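Peer 1: Using our numbering, you'd call the opening residue of the sequence shown number 30 and step up by one each time.
Structure provided below as structure tokens; questions to follow.
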Amino acid sequence: MMNWEIIDTHAKQWVKEAGERIRSSFKSKLNIETKSNPNDLVTNIDKEIEQFFIQHIKEVYPEHKIMGEEGFGDELQTLDGVVWIIDPIDGTMNFIHQQRNFAISIGIYENGVGKIGLIYDVVHDELYHAIRGEGAYINGKPIPVLKETPINEAILALNATWVVENRRIDHNLLIPLVKDARGTRSYGTAALELVFLATGRVDAYFSMRLAPWDVAAGAVILEELGGVVTNLRGEKLDFLSRNSLLAAKPGLHQSILKDYLKGGQW
């Protein structure tokens with residue numbers, strides 16, 4: 030039987046060590062490259078941190094598999110067994126431009142079920158963590174269960190890209206939702222936007238296309254607090270491919286799907 034407490038202890042230790050490495054890099058010159066487009070950035074630190082995690086995981090848990098954003102993990106066709114889904118720096122553009130508003134994100138899954146979620150806000154030294162069935166915490170302090178919020182009192186986290194003309198969706202579908210909400214925010218990091226939802230700083234988070242490592246950890250944390258995490262059609266996420274995302278407080282999630290997103294080509 031898997032001892033998730035021990036795995037969680039190791040993961041937290043490695044996350045903190047990785048965070049220290051990242052903070053130590055702030056005075057160094059970064060080697061910045063582009064990936065899929067000029068705004069899809071990766072640095073030498075992203076790569077080094079992912080390799081740091083892989084080395085430690087493989088030494089202690091050689092039978093575990095790893096899915097990493099920078100491609101140093103395993104080639105996976107299924108989520109059978111234990112899989113670590115890692116984003117070494119979620120919010121790389123913020124890391125480069127601001128040296129803040131980024132996070133380490135690790136979700137640990139067994140046969141496709143999220144068991145552990147860890148999101149570390151490196152600059153603020155805030156570790157959001159959860160083990161399935163045991164609640165969610167920030168630096169060891171319990172996070173309260175989420176309460177329902179009506180749309181007219183809700184703060185929505187979404188990128189402004191999706192409410193102006195774009196090539197992915199009809200932006201007109203989201204304009205009524207944005208108008209009816211109390212306000213909108215965008216932080217440029219899915220991991221932090223999900224834990225801001227978990228802690229009630231925002232009430233819902235949308236994105237049109239996220240990778241598994243963007244949301245794997247946050248989904249575990251949110252679901253421990255009663256949050257709902259699906260794609261924009263209300264379906265369960267597929268952690269082997271990219272997905273649209275709607276994460277929200279209970280009640281609000283259903284309301285957004287029914288009153289605003291129904292019928293959209295997501």
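Where a beta carbon is used, it is the ideal one built from N, C-alpha and C, also for glycine.
Note that this is a predicted model, so its numbers are computed, not measured.
By DSSP, does His2 sit in helix, in strand, or in coil?
Peer 2: Residue 2 falls outside the range modelled here, since the chain spans only 30 to 295, and no answer is possible.
Peer 1: Kindly indicate which residue of Phe82, His158, Thr63 has the alpha-carbon position closest to the one of Pro171.
Peer 2: The count along the sequence shown starts at 1 and reaches residue 171 at position 142. Answer by Cα proximity: His158.
Peer 1: State the beta-bridge partners of Asn272 as determined by DSSP.
Peer 2: In the sequence shown, the residue the question calls residue 272 occupies position 243. BP columns for Asn272 point to Leu239.
Peer 1: Kindly indicate which residue of Thr121, Glu99, Gly136 has the alpha-carbon position closest to the one of Val249.
Peer 2: Locating residue 249 in the sequence shown gives position 220, counting from the first residue. Of Thr121, Glu99, Gly136, the residue nearest in Cα terms is Gly136.
Peer 1: Which one of Pro117, Val112, Ser54 has the shortest CA to CA distance from Lys76?
Peer 2: For the purposes of this step, residue 76 is taken as residue 47 along the sequence shown, with counting starting at 1. Closest option to Lys76, Cα to Cα, is Pro117.
Peer 1: Would you check if the distance between the CB atom of Leu59 and the CB atom of Ile125 is smaller than 8 Å?
Peer 2: Taking the sequence shown and counting its residues from 1, one reaches residue 59 at position 30. Taking the sequence shown and counting its residues from 1, one reaches residue 125 at position 96. A contact, by the Cβ cut-off of 8 Å.
Peer 1: On the DSSP bridge list, what partners appear for Pro171?
Peer 2: Position 142 of the sequence shown, counting from 1, holds the residue named residue 171. Looking at the DSSP assignment, Pro171 forms a beta bridge with Tyr166.
Peer 1: Can you round the beta-carbon distance between Leu261 and Leu281 to whole angstroms, since I take them to be within the 8 Å contact cut?
Peer 2: Locating residue 261 in the sequence shown gives position 232, counting from the first residue. Locating residue 281 in the sequence shown gives position 252, counting from the first residue. Actually they are not in contact, since the Cβ atoms of Leu261 and Leu281 sit about 14 Å apart, beyond 8 Å.
Peer 1: Going by DSSP, which residues form a beta bridge with Leu119?
Peer 2: Sequence index remark: in the sequence shown, residue 119 carries index 90 (1-based). According to the sequence displayed, residue 119 carries Asp and not Leu. Paired residues: Ala132.
Peer 1: In three-state DSSP terms, what is Glu182?
Peer 2: The residue given as residue 182 occupies position 153 in the sequence shown. Helix, per DSSP.
Peer 1: Which class does Ala210 belong to by DSSP, given the choice of helix, strand or coil?
Peer 2: Counting from 1 along the sequence shown, the entry for residue 210 is found at position 181. DSSP places Ala210 in coil when its eight states are reduced to three.
Peer 1: Is Phe131 buried or exposed, if buried means 16 or more other CB atoms sit within 10 Å of its CB?
Peer 2: Locating residue 131 in the sequence shown gives position 102, where the first residue counts as 1. With 16 or more other Cβ atoms within 10 Å, it is buried.
Peer 1: To the nearest angstrom, report how far apart Val257 and His93 are at their CA atoms.
Peer 2: Taking the first residue of the sequence shown as position 1, residue 257 is located at position 228. Taking the first residue of the sequence shown as position 1, residue 93 is located at position 64. Taking the straight line joining both Cα atoms gives about 28 Å.
Peer 1: Have a look at Leu290, Thr190, Tyr289, Leu269 and flag the residue whose alpha-carbon is nearest the alpha-carbon of Thr107.
Peer 2: For the purposes of this step, residue 107 is taken as the residue at position 78 of the sequence shown. It is Leu269 whose Cα lies nearest to the Cα of Thr107.
Peer 1: Could you pull out every residue in the same chain whose Cβ sits closer than 6 Å to the Cβ of Ser273, ignoring the five residues on either side in sequence?
Peer 2: Within the sequence shown, numbered from 1, the residue matching residue 273 stands at position 244. Result list for Ser273: Met237, Asn260, Leu261, Trp295, in chain order.
Peer 1: Is the CB-CB distance between Trp43 and Phe82 below 8 Å?
Peer 2: Walking along the sequence shown from the start, residue 43 turns up at place 14. Walking along the sequence shown from the start, residue 82 turns up at place 53. Going by C-beta atoms, Trp43 is nearer than 8 Å to Phe82.
Peer 1: Quick check on the DSSP output: the beta strand (DSSP E) that includes Leu147 runs from which residue to which?
Peer 2: Residue mapping note: residue 147 aligns to position 118 of the sequence shown, counting from 1. Where Leu147 is concerned, the enclosing beta strand (DSSP E) stretches over 142-150.
Peer 1: Roughly how many whole angstroms lie between the Cα atoms of Lys176 and Leu254?
Peer 2: For the purposes of this step, residue 176 is taken as residue 147 along the sequence shown, with counting starting at 1. For the purposes of this step, residue 254 is taken as residue 225 along the sequence shown, with counting starting at 1. Rounded to the nearest angstrom, the two C-alpha atoms are 9 Å apart.
Peer 1: Do you know how far the Cα of Val89 is from the Cα of Met96?
Peer 2: Locating residue 96 in the sequence shown gives position 67, counting from the first residue. Locating residue 89 in the sequence shown gives position 60, counting from the first residue. Each residue's alpha carbon lies about 17 Å from the other.
Peer 1: Under the three-state reduction of DSSP, which class applies to Ile250: helix, strand or coil?
Peer 2: As a first step, residue 250 is located in the sequence shown; it is residue number 221 there, counting from the start. Residue state, collapsed to three classes: helix.
Peer 1: Which term fits Thr63, buried or exposed, when burial requires 16 or more other beta carbons within 10 angstroms of its beta carbon?
Peer 2: Here residue 63 is taken as the residue at index 34 of the sequence shown, counted from 1. The residue in question, Thr63, is exposed, as its Cβ has fewer than 16 Cβ neighbours within 10 Å.
Peer 1: Under the three-state reduction of DSSP, which class applies to Tyr289: helix, strand or coil?
Peer 2: Stepping through the sequence shown from its first residue, residue 289 is reached at position 260. Correct three-state label for Tyr289: helix.
Peer 1: If you draw a straight line from the C-alpha of Val192 to the C-alpha of Ser57, how long is it?
Peer 2: Walking along the sequence shown from the start, residue 192 turns up at place 163. Walking along the sequence shown from the start, residue 57 turns up at place 28. The alpha-carbon atoms of Val192 and Ser57 are separated by roughly 37 Å.
Peer 1: Following the continuous alpha helix (DSSP H) through Ala219, name the residue where it begins and the one where it ends.
Peer 2: What you label residue 219 is simply residue 190 of the sequence shown in a count that begins at 1. Element bounds for Ala219: 219-227.
Peer 1: Can you tell me which of the three DSSP states Trp113 falls into?
Peer 2: For the purposes of this step, residue 113 is taken as residue 84 along the sequence shown, with counting starting at 1. Residue state, collapsed to three classes: strand.
Peer 1: With a Cβ-Cβ cutoff of 8 Å, do Thr218 and Asp109 count as a contact?
Peer 2: For the purposes of this step, residue 218 is taken as residue 189 along the sequence shown, with counting starting at 1. For the purposes of this step, residue 109 is taken as residue 80 along the sequence shown, with counting starting at 1. In this structure, Asp109 does not lie closer than 8 Å to Thr218 by Cβ.
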